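*Asks:* I am attaching a structure below and will ask some questions about it afterwards.
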DNA sequence: TGTATATAGTGCGATATCGCACTAGTGATG
DNA sequence: CATCACTAGTGCGATATCGCACTATATACA
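Residue numbers (our numbering), protein chains in the order written: chain A, 2 to 167; chain B, 2 to 167.
Pasting the structure below:
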């Protein structure tokens with residue numbers, strides 16, 4: 002991602018919203034704004050928003066295969082493959098062989114990787130705090146709605162790609 | 002985006018969620034899953050999820066400048082610039098001069114562009130319907146939460162980029 | 001009205017994303 | 001234990017994204 006550009010329309014022009022008022026479009030808009038915000042926030046750490054998210058996943062798993070990661074973040078395996086290669090080049094990630102499957106391997110954050118993640122986390126924290134504070138009592142509700150929506154979308158995706166062949 | 006890959010983990014592995022339970026991370030996950038889903042859904046129309054979203058914005062505005070569009074979708078102007086160029090190459094978009102500002106111009110969907118958007122819309126519709134149906138009575142609440150979150154994030158972004166120089 | 005500063009948009013180059021085709025290893029079936 | 005369909009992962013090439021530097025126009029202000 003790494004755009005971290007300037008300005009966003011705080012006051013949404015109502016006229017444009019006509020015909021655009023649906024949850025999936027909402028997700029798109031929110032996500033773009035959020036990514037931009039976090040890109041800017043964590044920029045100094047050398048990570049962008051997507052990378053920070055991925056490092057977070059890695060940090061909370063100790064050990065995940067590229068395919069699992071790809072499913073998790075709904076990305077093509079080739080994309081994950083190049084992410085891992087990049088992170089490895091930075092010395093932030095290590096591959097260890099997967100005892101359970103010889104074709105596969107397990108990806109883990111190195112100490113440097115955890116440190117980079119922590120640094121980005123320091124920058125991310127106040128942003129999350131402010132957003133949380135602005136949401137006020139709605140935080141939990143928002144979280145629940147997002148989780149529910151994710152489950153729905155994930156289920157739909159899974160069904161679509163499973164058994165394409167009848 | 003245009004990934005439209007395979008499979009997503011329908012059942013979220015609870016263990017991984019530790020430390021990842023925050024609204025902004027939620028947004029990232031939902032958005033990735035949604036984009037993947039819509040990429041696949043509208044693929045046959047020749048548009049990807051992002052393009053469909055942008056065409057939707059264009060369709061509901063008749064006439065927007067690149068900068069306005071960039072603010073709307075929280076993208077760098079260079080990115081919007083290449084989007085517009087691409088759409089123009091496809092014959093889906095037309096530029097007309099902006100009477101209000103000589104540096105600028107107004108971007109509009111052509112008839113072919115509206116048609117492409119409609120075609121993608123046909124493919125998108127059932128997906129939105131199903132998601133809506135699965136959300137049930139929560140749709141409105143979800144929509145409201147997403148809008149609220151968007152306003153918050155947009156406000157934060159705007160403040161950050163306004164008056165960087167004191 | 002002349003000069004300074006800010007904004008709209010683009011060309012270009014570096015890097016990222018991801019589809020296709022491929023290799024290597026797995027697991028089921030006879 | 002041979003065969004065969006299937007899955008994990010990667011190299012490569014086409015295209016997309018976006019920062020930097022630049023041009024053209026607009027606005028502020030003396």
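The beta carbon of each residue, even a glycine, is placed where N, CA and C say it ideally should be.
Bear in mind the structure is a predicted one, so any value in this text is a computation, not a measurement.
When you compare only the Cα positions, how much space is there between residue 110 of chain A and residue 118 of chain A?
*Replies:* Taking the straight line from one Cα to the other gives about 9 Å.
*Asks:* Which two residues bound the contiguous alpha helix (DSSP H) that contains residue 135 of chain B?
*Replies:* That run of the alpha helix (DSSP H) goes 112 to 136.
*Asks:* Which residue wins for smallest C-alpha separation from residue 24 of chain A, given the options B/47, B/161 and B/138?
*Replies:* When only C-alpha atoms are compared, the closest one is B/138.
*Asks:* In chain order, which continuous runs of the alpha helix (DSSP H) of length 4 or greater are located wholly inside the region 58 to 92 of chain A?
*Replies:* Counting only runs of 4 or more, we get 67 to 73 and 78 to 90.
*Asks:* At the 8 Å Cβ level, is residue 147 of chain A part of the contact set with chain B, yes or no?
*Replies:* Output row for residue 147 of chain A: interface = yes.
*Asks:* Within 10 Å of its beta-carbon, does residue 100 of chain A have 16 or more other beta-carbons around it, so buried, or fewer, so exposed?
*Replies:* It is exposed - the Cβ of residue 100 of chain A has fewer than 16 other Cβ atoms within 10 Å.
*Asks:* Go ahead and pull the three-state DSSP assignment for residue 33 of chain A.
*Replies:* If DSSP states are grouped into helix, strand and coil, residue 33 of chain A belongs with the helices.
*Asks:* Helix, strand or coil: how does DSSP classify residue 158 of chain B here?
*Replies:* In the structure shown, residue 158 of chain B sits in a helix (DSSP, three-state: H, G or I).
*Asks:* Here's the rule I'm using: 16 or more other beta-carbon atoms within 10 Å means buried, otherwise exposed. How should residue 112 of chain A be labelled?
*Replies:* By the 10 Å Cβ count, residue 112 of chain A comes out exposed.
*Asks:* Which residues in the same chain have their Cβ closer than 6 Å to the Cβ of residue 120 of chain B, if we skip the five residues on either side of it in sequence?
*Replies:* Taken in chain order, the residues that qualify are 46.
*Asks:* Residue 28 of chain B by DSSP, collapsed to three states: which one?
*Replies:* Here residue 28 of chain B sits in helix by DSSP.
*Asks:* Can you tell me whether residue 146 of chain B is buried or exposed? The criterion is at least 16 other CB atoms within 10 Å of its CB, across all chains shown.
*Replies:* So residue 146 of chain B counts as buried.
*Asks:* Leaving out five residues before and five after residue 97 of chain B in sequence, what residues of the same chain have Cβ atoms less than 6 Å from its Cβ?
*Replies:* The answer, listed in chain order, is 107.
*Asks:* With a threshold of 16 other CB atoms inside 10 Å of the CB of residue 83 of chain A, please say whether the residue is buried or exposed.
*Replies:* The residue in question, residue 83 of chain A, is exposed, as its Cβ has fewer than 16 Cβ neighbours within 10 Å.
*Asks:* Between residue 53 of chain A and residue 125 of chain A, which are expected to be in contact by the criterion C-beta below 8 Å, what is the C-beta distance as a whole number of angstroms?
*Replies:* 6 Å between Cβ atoms; contact.
*Asks:* Quick one: grab the DSSP three-state call for residue 146 of chain A.
*Replies:* It is helical.
*Asks:* Throw me the rounded Cβ distance for the residue 79 of chain B and residue 154 of chain A pair, which I believe falls under 8 Å.
*Replies:* Rounded, the Cβ-Cβ distance is 30 Å, inconsistent with contact.
*Asks:* How long is the line joining the alpha carbons of residue 31 of chain B and residue 92 of chain B, rounded to whole angstroms?
*Replies:* Answer to the nearest angstrom: the Cα atoms are 32 Å apart.
*Asks:* I need the straight-line Cα distance from residue 50 of chain A to residue 40 of chain A, nearest angstrom please.
*Replies:* Their backbone Cα atoms lie some 5 Å apart in a straight line.
*Asks:* Taking residue 98 of chain B as part of the beta strand (DSSP E), name the residues at either end of that continuous run.
*Replies:* First-last of the beta strand (DSSP E) with residue 98 of chain B: 94 to 98.
*Asks:* Given a cut-off of 8 Å, decide if residue 57 of chain A and residue 21 of chain B are closer than it, judged by their beta-carbon atoms.
*Replies:* In this structure, residue 57 of chain A lies closer than 8 Å to residue 21 of chain B by Cβ.
*Asks:* Use the C-beta contact count for residue 72 of chain A: other C-beta atoms within 10 angstroms, 16 or more gives buried, fewer gives exposed.
*Replies:* Classification for residue 72 of chain A: buried.
*Asks:* Residue 67 of chain B: buried (16+ other C-beta within 10 angstroms of its C-beta) or exposed?
*Replies:* Buried, because 16 or more other Cβ atoms sit within 10 Å of the Cβ of residue 67 of chain B.
*Asks:* Would residue 142 of chain B count as contacting chain A if we go by Cβ distances under 8 Å?
*Replies:* Output row for residue 142 of chain B: interface = yes.
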